[in-house]
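Residues 96 to 154 (our numbering) are what the sequence shown spells out, left to right. For every residue, glycine included, the Cβ atom is placed at its ideal position computed from N, Cα and C. Note that the structure is a prediction, hence the values are computed from the model and not measured. Notes follow the structure.
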Amino acid sequence: MEEKGFCMKYQEEVPLSGGCRHPHDYCPHRPGCMLYLIWKEEHRGREGENRGEDTSHQR
């Protein structure tokens, strides 16, 4: 069974593996949202791969 988080804005359960379903929409809950943080980390990794950057370290 897949773990799920709860979207406060849309009042729905969301699989954690996918992260935020609406990352570009305004959300008053964003600063503390685990779903958005998951999406952001996945997106950051893909962005570095697309540019050929090493994303194994943090700045």
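At a Cβ-Cβ threshold of 9 Å, R141 and L130 do not count as neighbours. Cβ neighbours of M103 within its own chain (closer than 6 Å, five residues either side excluded): H124. Cβ contact annotation for E98 (same chain, cutoff 7 Å, sequence separation greater than five): L111, in chain order. For E108, the enclosing beta strand (DSSP E) stretches over residues E107 to P110. In the structure shown, K104 adopts coil according to DSSP, grouped into three states.
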